[in-house]
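Data block below; observations after.
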Amino acid sequence: MIGEIDIVDNVSPQRLRDFFNTWYRSDLQAIAAIGDFDVDEIEQKIIALYSDLEMPENPTPRTKQEIPDHNETLITINKDKEATRIQTKLYIKQEPTPPYKSVEDYRNTLTRSLVFSMLNRRIDERNRVEGNPMSYGSVYFRNLMPEKSALTVYNYPKEESILQAFEMELEELFRAVQTGFTDSELEEIKTSNLRSAENYAKGAETRESRRQGYAVRSAFFKKQTILHPQQILEYKRLLFPTITLDEVNAVLKQLISKNNRVILLSGPENVELPDEKALLDVLTKAENKQYEPYSPIKPIDDLMAKAPKAGKLMNEKQINPLVYETWTLDNGIKFHVKHSENEENRFRFILVSPGGSSYYDANQRALLEMTPSVIFNSGLGDFTSLQVKRYMSGKYFYKYGSIGEYIEIIQGAGSISDIDDAFKNIHLLFTAPRIDSVGLNKTLSAKEIWYKNKSNEPQQVMYDSLNCIRYNYHERAIALTFDDYKSVKYDDLLPSYKERFGNPADFDFYFIGNFDLDSLKPLIETYLGSLETTNNKEDYKDVGKRFYQNAITKTIQLPMVMPRAKVHIEFNGTDKYNLKNTALIGAVSAILDRRYTETIREDEGGTYGVSTYGYLNDFPQETYQYIISFECAPERVDELKAIALDEIEKLKSGDVDIKYLNDHKTAFEKKSAEENENDFFVMLNIRQNEEHGWYYNSPEMKKTVQNLSMDEVVDFANNIFKADSKLEVVFITPYNKQE
Numbered sequence: 009m010i011g012e013i014d015i016v017d018n019v020s021p022q023r024l025r026d027f028f029n030t031w032y033r034s035d036l037q038a039i040a041a042i043g044d045f046d047v048d049e050i051e052q053k054i055i056a057l058y059s060d061l062e063m064p065e066n067p068t069p070r071t072k073q074e075i076p077d078h079n080e081t082l083i084t085i086n087k088d089k090e091a092t093r094i095q096t097k098l099y100i101k102q103e104p105t106p107p108y109k110s111v112e113d114y115r116n117t118l119t120r121s122l123v124f125s126m127l128n129r130r131i132d133e134r135n136r137v138e139g140n141p142m143s144y145g146s147v148y149f150r151n152l153m154p155e156k157s158a159l160t161v162y163n164y165p166k167e168e169s170i171l172q173a174f175e176m177e178l179e180e181l182f183r184a185v186q187t188g189f190t191d192s193e194l195e196e197i198k199t200s201n202l203r204s205a206e207n208y209a210k211g212a213e214t215r216e217s218r219r220q221g222y223a224v225r226s227a228f229f230k231k232q233t234i235l236h237p238q239q240i241l242e243y244k245r246l247l248f249p250t251i252t253l254d255e256v257n258a259v260l261k262q263l264i265s266k267n268n269r270v271i272l273l274s275g276p277e278n279v280e281l282p283d284e285k286a287l288l289d290v291l292t293k294a295e296n297k298q299y300e301p302y303s304p305i306k307p308i309d310d311l312m313a314k315a316p317k318a319g320k321l322m323n324e325k326q327i328n329p330l331v332y333e334t335w336t337l338d339n340g341i342k343f344h345v346k347h348s349e350n351e352e353n354r355f356r357f358i359l360v361s362p363g364g365s366s367y368y369d370a371n372q373r374a375l376l377e378m379t380p381s382v383i384f385n386s387g388l389g390d391f392t393s394l395q396v397k398r399y400m401s402g403k404y405f406y407k408y409g410s411i412g413e414y415i416e417i418i419q420g421a422g423s424i425s426d427i428d429d430a431f432k433n434i435h436l437l438f439t440a441p442r443i444d445s446v447g448l449n450k451t452l453s454a455k456e457i458w459y460k461n462k463s464n465e466p467q468q469v470m471y472d473s474l475n476c477i478r479y480n481y482h483e484r485a486i487a488l489t490f491d492d493y494k495s496v497k498y499d500d501l502l503p504s505y506k507e508r509f510g511n512p513a514d515f516d517f518y519f520i521g522n523f524d525l526d527s528l529k530p531l532i533e534t535y536l537g538s539l540e541t542t543n544n545k546e547d548y549k550d551v552g553k554r555f556y557q558n559a560i561t562k563t564i565q566l567p568m569v570m571p572r573a574k575v576h577i578e579f580n581g582t583d584k585y586n587l588k589n590t591a592l593i594g595a596v597s598a599i600l601d602r603r604y605t606e607t608i609r610e611d612e613g614g615t616y617g618v619s620t621y622g623y624l625n626d627f628p629q630e631t632y633q634y635i636i637s638f639e640c641a642p643e644r645v646d647e648l649k650a651i652a653l654d655e656i657e658k659l660k661s662g663d664v665d666i667k668y669l670n671d672h673k674t675a676f677e678k679k680s681a682e683e684n685e686n687d688f689f690v691m692l693n694i695r696q697n698e699e700h701g702w703y704y705n706s707p708e709m710k711k712t713v714q715n716l717s718m719d720e721v722v723d724f725a726n727n728i729f730k731a732d733s734k735l736e737v738v739f740i741t742p743y744n745k746q747e
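Written as structure tokens, this is what we have:
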């Protein structure tokens, strides 16, 4: 919440009405309709619904925010009890930049974008080389508000590296001002930028509507011209050759001024922050230093100089009704693939294997959790992460890996245009994983910034506490600390990665995308068929972590900046993991969601919303979990909690209108149709079908949902909502109860 709670508590209804009538008026509103519909029909509906809105006779003019100029550097240092990280910012304010409305305007925008792309690449390189004093940092230029724009330098530094990170960014900023960029940098960034624009244009016709909304919003708020992705590509092809090195070198110099500077530093209350003098000294020193010209790293020509010896596809089988294929290679790898036209020039993938950290002692959890991040942050084979990142620049492909309690996964997405490099990446992750100190430092840096101050974040404290209570304080349910990660031995990381990811045949490969299956086969045979595999396939090992056995009720006092309470109720137990129970728990969730919205939120005005949902687990045991949670004022906990539990009792007794179940059936059909047009959900369905023989959006599931009776839903509710399986925890800010 923004503002003082006393104002919220004591504001009069008339004051709220006045505010609404003053500012929520037609001349300050816009309607954007984006989707696959008849434009004329939608236009007429909008006119019919909104044309009777009337303007007030004397509308209050919008007040311009005056931002005065100043010669001295202003510095503000703030601490926040609930902050989880440190943030440093330098603003050098300018006059506002007008939105681009002409080719010349757009050319200026492109020139600035090239400048900051090169500058941020330098900062990223130096950050990695110097041990990651910050988890993230960037320099950019944009409008702060309609009245001002600003060159902005910001970062999230480690606690012991606040000044070092700030100095590092400032030095690269002033190095670029003083010595300029290079021809090779500029040409490389132009090439990378064009690659990105080409990928963006190829996927334009199948991009989700909500993504188009960002351009429409900018057009309304910033009066900026909307360009189609193909137009953006054509303008870049036309204008990039005309942008010279002298022009880009002049841009930063024009944005640097001695006045209108502001430094902001913020962080958690328990962290010692540098004082104003220290921050100003860093800025002065960096600006006055004499710099050597930047020396770029050596680029690589290809991730793999020579293609490996290809294997062979031995079997191809089509699976219906999902209409995907399973290809089996001669090395034992199973590759499940589906052609999809949902996303043009895109593919997604998941590689999954059973095992995870279940084969390791509980005290090795930090090692297993860190391992994929360190490997992925270290590069591939003989190439550093900087070289790989530079080589892949402008190409669309991302990947990440994780080792969970019972599985290990590599997943990601990419463009069809870059699929050769994508398979080279995957091949090298199995054959030539790399580890270096840069990867370790980057991983530790990100974890340090989060874990050192996560106890300041109430939501995280609640999550960690609930996990311990839910699993009866099992050793694997206790949250890790930064000391756990810091104690991981470097020499253990690569061996643990090879143990978990050493046998590609232990993985199922799931791919979906807008690729031609015949042209995909040579890539599969070359980069996956060539992988060495063994017959030693493993399953997971049950670690014995179980839900609590008896009902639990707890109230935990948790100091928070604003007085509030978090009510968490859940029911856990064992039940069959199958299609029918999945349909039933979905119906229960939908009915209670509607009821809680109507009662707790709308009738009582007790919360912004109630989160309620249930799901089934298939391993290590077949179990269910149902959760109800909401935030409210401390003094209303008992009242609202009683309503939440009463709605469950009504459902168990059958005292629920059949319309809620019927509405769920209608919504399920709509949701299923939408998810069938989303490759991520389709891929999850394929995986579900391979592992269990049924899937969420199958014709059988749809039929099951449509045939659900209220008696079945009531019986299921009675089965899962049992008094001895209830966990009830209230996190509450200490307060004085008013009798």
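Numbering (this note's numbering), first residue to last: 9 to 747.
Cβ coordinates follow ideal geometry from the N, Cα and C atoms, glycine included.
This one's a predicted model, so the numbers in the text were calculated from it and none came from an experiment.
Can you give me the Cβ contacts of residue i inside the same chain, cut-off strictly under 7 Å, excluding the 5 residues immediately before and after it?
{"i": "E747", "result": "The predicted position of E747 is uncertain, since its pLDDT is 44 and thus under 50; a value taken from the coordinates is nonetheless stated next. Nothing meets the Cβ criterion."}
{"i": "K432", "result": "L311, M312 and Y535"}
{"i": "E133", "result": "I305 and L394"}
{"i": "N353", "result": "N207, K210, G211, S423, I424, S425 and N522"}
{"i": "L253", "result": "F189, D191 and L194"}
{"i": "K658", "result": "V664"}
{"i": "L587", "result": "W702, E708, M709 and T712"}
Here's the rule I'm using: 16 or more other beta-carbon atoms within 10 Å means buried, otherwise exposed. How should residue i be labelled?
{"i": "Q633", "result": "buried"}
{"i": "K297", "result": "exposed"}
{"i": "R23", "result": "exposed"}
{"i": "W335", "result": "buried"}
{"i": "L82", "result": "exposed"}
{"i": "P512", "result": "buried"}
{"i": "I740", "result": "buried"}
{"i": "R93", "result": "buried"}
{"i": "L246", "result": "exposed"}
{"i": "D14", "result": "exposed"}
{"i": "H672", "result": "buried"}
{"i": "H435", "result": "buried"}
Going along the chain, which residues of its own chain have a beta-carbon closer than 8 Å to the beta-carbon of residue i, five neighbours each way excluded?
{"i": "N697", "result": "I327, L330, Y703 and S706"}
{"i": "D17", "result": "none"}
{"i": "L501", "result": "L375, M378, T379, V382, I383, I443 and L448"}
{"i": "L241", "result": "L202, A205, E206, Y208 and A209"}
Starting from the C-beta of residue i, find all residues in its chain whose C-beta is less than 6 Å away, skip the five residues before and the five after it, and write them out in chain order.
{"i": "L127", "result": "V147 and A184"}
{"i": "I50", "result": "A41"}
{"i": "R695", "result": "Y518"}
{"i": "F248", "result": "K198"}
{"i": "S656", "result": "Note that residue 656 is Ile in the sequence shown, not Ser. The residues are F729."}
{"i": "I75", "result": "E155 and K156"}
{"i": "S652", "result": "Note on residue identity: the sequence assigns Ala, not Ser, to residue 652. Around A652: I636."}
{"i": "R508", "result": "I411 and E416"}
Do residue i and residue j have their C-beta atoms within less than 8 Å of each other?
{"i": "F357", "j": "G420", "result": "yes"}
{"i": "M176", "j": "E206", "result": "no"}
{"i": "E284", "j": "D88", "result": "no"}
{"i": "A173", "j": "N464", "result": "no"}
{"i": "I608", "j": "L566", "result": "no"}
{"i": "K749", "j": "A485", "result": "In the structure displayed, the chain extends from 9 to 747; residue 749 sits before or after that span and is not available."}
{"i": "I418", "j": "L359", "result": "yes"}
{"i": "L273", "j": "T96", "result": "yes"}
{"i": "M691", "j": "I520", "result": "yes"}
{"i": "V345", "j": "L528", "result": "yes"}
{"i": "S169", "j": "P141", "result": "yes"}
Decide if the segment 402–411 is in contact with the segment 338–346; the criterion is three or more beta carbon pairs, one per stretch, under 8 Å apart. no
What ranges does the alpha helix (DSSP H) occupy inside the segment 172–212, keeping only unbroken runs of at least 4 residues that lie completely in it? 191–210
Is the number of C-beta pairs between the segment 306–325 and the segment 108–125 that are closer than 8 Å three or more? Short answer: they don't touch.
As an exercise, report each continuous beta strand (DSSP E) stretch of at least 3 residues that is fully enclosed by the segment 43–116, in chain order. 82–88 and 95–102
Would the segment 451–458 and the segment 483–495 be scored as touching if the rule is three or more Cβ pairs under 8 Å? yes
Report yes or no: do the segment 156–168 and the segment 96–107 share at least 3 C-beta pairs separated by less than 8 Å? yes
Quick one: any contact between the segment 570–589 and the segment 734–743, if contact means 3 or more CB pairs under 8 Å? yes
Segment contact, 8 Å Cβ cut-off, at least three pairs: the segment 709–728 with the segment 585–601: yes
Taking 8 Å as the cut-off, does the segment 160–167 touch the segment 211–226 (at least 3 CB pairs, one atom from each stretch)? no
Are at least three pairs of beta-carbons, each pair with one atom in the segment 544–564 and one in the segment 468–482, less than 8 Å apart? Yes: the two stretches touch, three or more of their Cβ pairs being nearer than 8 Å.
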